Amino acid sequence: RDRGTGLPWTLRLTVATQTAKAIAYLHSAMNPPIYHRDIKSTNILLDYDFNSKVADFGLSRLGMTETSHISTAPQGTPGYLDPQYHQCFHLSDKSDVYSFGVVLAEIITGLKVVDFTRPHTEINLAALAVDKIRSGCLDQIIDPILDLELDAWTLS
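Numbered per our numbering, the sequence shown spans residues 80 to 235.
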């Protein structure tokens, strides 16, 4: 799909909120907690009323309630994988939260997570978003379908 097409901001915000609640449920309400390990946009399904459902638990692991992380070989999808988990082999709820942050960047920008047609420093969406946020230029990558005047309060 092209940037500037797709779901309106109100629906994107609803999908993001419902997905965040589902991830929080997995991490906080379940005992032991469940770490999904593959949070990505294609694993967030929408029903006919645009309610989001987190899917594909094939890589998920049960957490340990008495420790902050479990040691395991990193698995997940490039572009969404938490760099700390990838480097240190420590899986925790923070790994899913990082991946969800990448999904949020997708929702806000309408850009692909990994895109080799972008300049070398912009291939990875997470790195691109962090760079634009640090330089105060986030508006340069916000999806053109979003009305910055109307939707600015939810983007700040």
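Glycine included, each C-beta is placed from N, C-alpha and C at the ideal position.
Remember, it's a predicted structure, so these values are computed and weren't measured experimentally.
Which term fits residue i, buried or exposed, when burial requires 16 or more other beta carbons within 10 angstroms of its beta carbon?
{"i": "Phe179", "result": "buried"}
Going by DSSP, what residues sit across from residue i in a beta bridge?
{"i": "Asn130", "result": "Looking at the DSSP assignment, Asn130 forms no beta bridge with any residue, so it has no partner."}
{"i": "His199", "result": "In DSSP, His199 forms no bridge with anything."}
Pick helix, strand or coil for residue i, following the three-state DSSP scheme.
{"i": "Tyr114", "result": "strand"}
{"i": "Leu124", "result": "strand"}
{"i": "Leu141", "result": "strand"}
{"i": "Val181", "result": "helix"}
{"i": "Val193", "result": "strand"}
{"i": "Gln219", "result": "helix"}
Which residue from the options puts its Cα closest to that of residue i?
{"i": "Val182", "options": "Gln163, Phe136, Asn203, Ile118", "result": "Ile118"}
{"i": "Leu124", "options": "Arg91, Ala103, Ser107, Met143", "result": "Arg91"}
{"i": "Val133", "options": "Arg116, Thr98, Met109", "result": "Thr98"}
{"i": "Ile220", "options": "Ser214, Ala208, Asp226", "result": "Ala208"}
Going straight from the alpha carbon of residue i to that of residue j, what length do you get?
{"i": "Pro87", "j": "Ile113", "result": "31 Å"}
{"i": "Gly155", "j": "Pro111", "result": "21 Å"}
{"i": "Leu138", "j": "Gly85", "result": "29 Å"}
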